[in-house]
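Some notes on the structure that comes next.
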Amino acid sequence: MIALIRLDDRLIHGQVMAVWARHLKINRILVIDDESAADAFALQLLRLAMPAHIQLSVSTVSDAPAALTALSADDTRALVLLKRVEDALALHAVAPLAHLNLGNLGMRDGRRLIWRTVALSPAELTALKQLQSAGVDVYLQMVPSDVRQRPPTE
Amino acid sequence: MSLILSPLQALLIGLTYFLANTAFLGGLAYFTTWRPLVNGLLVGLILGDPIRGVVIGAAINILYLGYMSVGGTLGIGDGALAGVLGSAVGIATHSLGLGVVAGVALASLGYQLLIWRMKGDSVIARWIDAAAERGDVARMQWLNIGAAQAWLFALTVLPAAVLAVLATSAVNWMTTTLPGPLIDGLALGGRLAPAIGIALAMKFVFSGRNIAIFFGGAVAMAAGAPFEALVGIGIVAVIAAAIASPERRVPSPESRVPSEREPSELRTPDSGLGTFLRWQFFSHSNYSFERLQGSGLACALAPALRGRGPDALKQHGGFFNTEVNFGAMIPAILLRMELAGEDPADINKTRQTLMGIVAGYGDETTQGALLPALLSAAIGLSLSPWLGAYAVGAYVLISGLAMLFISSRSFRAGFLRGRDAATALLSNAQLKAVATSARSFTALALGALAASPAVLHLPIPVTELGGLAPVNAAAAVALTLACFGLVTKLGLKPTWIFIGLLVLAVVFQFAQSA
Chain A
-14 MIALIRLDDR LIHGQVMAVW ARHLKINRIL VIDDESAADA FALQLLRLAM PAHIQLSVST
46 VSDAPAALTA LSADDTRALV LLKRVEDALA LHAVAPLAHL NLGNLGMRDG RRLIWRTVAL
106 SPAELTALKQ LQSAGVDVYL QMVPSDVRQR PPTE
Chain B
5 MSLILSPLQA LLIGLTYFLA NTAFLGGLAY FTTWRPLVNG LLVGLILGDP IRGVVIGAAI
65 NILYLGYMSV GGTLGIGDGA LAGVLGSAVG IATHSLGLGV VAGVALASLG YQLLIWRMKG
125 DSVIARWIDA AAERGDVARM QWLNIGAAQA WLFALTVLPA AVLAVLATSA VNWMTTTLPG
185 PLIDGLALGG RLAPAIGIAL AMKFVFSGRN IAIFFGGAVA MAAGAPFEAL VGIGIVAVIA
245 AAIASPERRV PSPESRVPSE REPSELRTPD SGLGTFLRWQ FFSHSNYSFE RLQGSGLACA
305 LAPALRGRGP DALKQHGGFF NTEVNFGAMI PAILLRMELA GEDPADINKT RQTLMGIVAG
365 YGDETTQGAL LPALLSAAIG LSLSPWLGAY AVGAYVLISG LAMLFISSRS FRAGFLRGRD
425 AATALLSNAQ LKAVATSARS FTALALGALA ASPAVLHLPI PVTELGGLAP VNAAAAVALT
485 LACFGLVTKL GLKPTWIFIG LLVLAVVFQF AQSA
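If you read the sequences in order, they're chains A and B. Using our numbering, you'd call the opening residue of the first sequence number -14 and step up by one each time. Using our numbering, you'd call the opening residue of the second sequence number 5 and step up by one each time.
The structure is reproduced here in structure tokens:
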């Protein structure tokens, strides 16, 4: 099963590995990111950073639906990581997502700080609203001890 | 019997809370003065009762043993505020239990202070941006250090001082007016609360052979083994793991093919030392949700990047977060790339790739393995009658030096070897072996702490059968395991377990008095 689908600029970091993966007893991690999938250095580091009990796969957005189906079928506990809101939207069109956790989307030009370390551009907010109206449970939560927040409606 | 704080004492307690959070302690506050064990001793010294300060600090610290700060998150409130206020209340009322209850109850206020700190720091981050655009490096430093620490000072000293006065007077008033069994029950609940902390910390280490090691620690303690002996075993085990690991040493920089350029060709005014010190001290000085360590990174690099133009500085000032000590290699790698004149797009990509992965590894190793081992050892030793405060002093020294050692090694590796340093770190078998054995030692220490009568003393009426220690130890370990089950199997929040424990203890005291 897919325990968590998370949007996070930093992909794998302390919150994800030390907190979420432990909390949800994760044994598979799927990173969906075209840039990482094409970057030998990033791939090598991601592999090395994985503890022995977690199996990692890195996929491009276009290959992701197949990878996701494999995860849902298995008796695994999977954590899916994406970097970009656009990727989540594109993915949902072919492989519907049930839920989407917004972890860290760092502040940069064109983005507005929404909650804690989550900043979104108007286009990203629209995309998230589309996902919500398509029935995806979109919520903001950095770590399990946080109370889940809804993204703002405007 | 009760103590009223003098204005000077209150102010010094406020200052202790600033010290727990300040960047001026070489970036080591989080590993030293932030810990209730350490700030409990400081508050004890201020109030003239260091022994009680250590005992209360240790009890509160156990509650925060399993706590990790990752990217500006606070799980069960602010441990530093819990330690500072809890030990003040505990010393003023001469009650360990009431100190623990007050500390934990007030810890959530620390989160409000953190939110305000982050809000102010967002404003300062914009000023730093503006200074970076003008290339005004001196002003960047002044803002990152002076302005941000002044804001922190304003947010910590007076609020903590006022809270200390209010909390001690309120609890003093309660002890004289509220029904005895209620106060006794709260105090009992507070004394037993460390069981919840041990249960939370067990989440880090309670798997595989560590389960057996945990029970081994508990049995050894119940049988009367001194905690010092367990720490001795732990030290030997960690050293043995380091020696026996397949990769005996971190490969020296010289043994690898240097990538691109030798650092001697790279021009930096201070061979990177300035960048290292600015990072080590002030990476968290100006910490906002918007940027996290972004401002700290830009300011660490700024003086060395004068020639690279404002765009480079602005790029480094954007959202950035990593683990500070192992992650010290990142500013070094970025500095190396900048000095070598590499493409800004490549530099940014490296910055993005490294910050998360190194943070994941670093947090697991420092906060997830080394720190719980050092702290649980220090807590156990601080409760031994002949070591006491000296164990706290030794903890500060050892953890501080260990973190500085990690940062300086990592920075040097990053500066000499560039991105290869990250690959080498993540594949370092020796470090992995040390972290694994540190986790095993933590399991041993947690078992011992759970079974120690100095940590958990249950109100059991014991007949002379077999003596008190084993009965108390068995009951204390059972209570700890029950808390562990509530946390892991039922997914109950620690706060609710804490409240439940208080209610049970109060009911117990009323039943006793009836």
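Where a beta carbon is used, it is the ideal one built from N, C-alpha and C, also for glycine.
By DSSP, does residue i sit in helix, in strand, or in coil?
i	result
B/I501	helix
B/V254	Its pLDDT being 48, under 50, B/V254 is placed unreliably by the model, and the measurement read from it follows with that caveat. Of the three classes helix, strand and coil, the one that applies to B/V254 here is coil, per DSSP.
B/D53	coil
A/V123	strand
A/Q21	Checking the sequence shown, residue 21 of chain A turns out to be Ser, not Gln. Residue state, collapsed to three classes: helix.
A/V43	strand
A/Q29	helix
B/H98	coil
A/V128	coil
B/T77	Only weak support is given to the placement of B/T77: the predicted model assigns it a pLDDT of 48, under 50, and the question is left unresolved by the model.
B/A515	helix
A/Q115	helix
B/S292	strand
A/G88	strand
B/L117	helix
B/W1	Here chain B has residues from 5 to 518 only, and residue 1 of chain B is not among them.
B/A226	helix
A/I(-13)	strand
B/L450	helix
B/Q284	helix
B/F324	strand
Between which two residues does the alpha helix (DSSP H) containing residue i stretch?
i	result
B/A332	Here B/A332 belongs to no alpha helix (DSSP H), and DSSP marks it neither H nor E.
A/A73	V70 to V79
B/L462	Note, B/L462: premise wrong, no alpha helix (DSSP H); not H, not E.
B/V242	F231 to A248
A/L64	Looking at the DSSP string, A/L64 is not in any alpha helix (DSSP H); the run it does join, the beta strand (DSSP E), is A63 to L67.
B/I361	P348 to T369
B/I187	G184 to L196
A/T138	Counting along the chain, A/T138 falls outside any alpha helix (DSSP H), and DSSP gives it neither H nor E.
Should residue i go down as buried or exposed, given a rule of 16 or more other Cβ atoms within 10 Å for buried?
i	result
B/W177	exposed
B/T326	buried
A/P136	buried
A/M(-14)	exposed
B/S456	buried
B/T370	buried
B/A515	exposed
B/F529	What is shown of chain B runs 5 to 518, which leaves residue 529 of chain B out entirely.
B/Y394	exposed
A/R(-9)	buried
B/V47	buried
A/T54	exposed
B/P335	buried
B/I8	exposed
B/T180	exposed
B/T20	buried
B/A106	buried
B/D350	exposed
B/R340	buried
B/L32	buried
Is the beta carbon of residue i sitting closer than 8 Å to the one on residue j?
i	j	result
B/G519	B/G94	Nothing can be reported for residue 519 of chain B: it is not among the residues displayed for chain B, which extend from 5 to 518.
B/G101	B/A174	no
B/A417	B/M333	yes
B/I402	B/A62	no
A/M92	A/A104	yes
B/A442	B/V242	yes
B/A197	B/L387	no
B/L147	B/A135	yes
B/F218	B/L450	yes
B/A27	B/Q153	yes
Return the first residue and the last residue of the beta strand (DSSP E) that residue i is part of.
i	result
A/V103	V103 to L105
A/V4	Per DSSP, A/V4 belongs to no beta strand (DSSP E) and is neither H nor E.
B/R416	That residue, B/R416, is in no beta strand (DSSP E); its alpha helix (DSSP H) goes A393 to R421.
B/R310	It is not in any beta strand (DSSP E) - B/R310 carries neither H nor E in the DSSP assignment.
A/L98	R97 to W100
Please find out if some non-hydrogen atom of the ligand MN comes closer than 7 Å to the beta-carbon of residue i.
i	result
B/R39	No copy of the ligand MN appears in this structure; indeed no ligand is present at all.
Subject >> Residues of the segment 356 to 370 of chain B with Cβ closer than 9 Å to any Cβ of chain E, in chain order >> reply: Considering every chain present, this structure includes no chain E. Its protein chains are A and B.
Subject >> 3 or more residues per run - each beta strand (DSSP E) lying fully within the segment 121 to 157 of chain B >> reply: none
Subject >> Runs of alpha helix (DSSP H) wholly within the segment 9 to 72 of chain B (minimum 4 residues, chain order) >> reply: 11 to 23, 40 to 50 and 54 to 67
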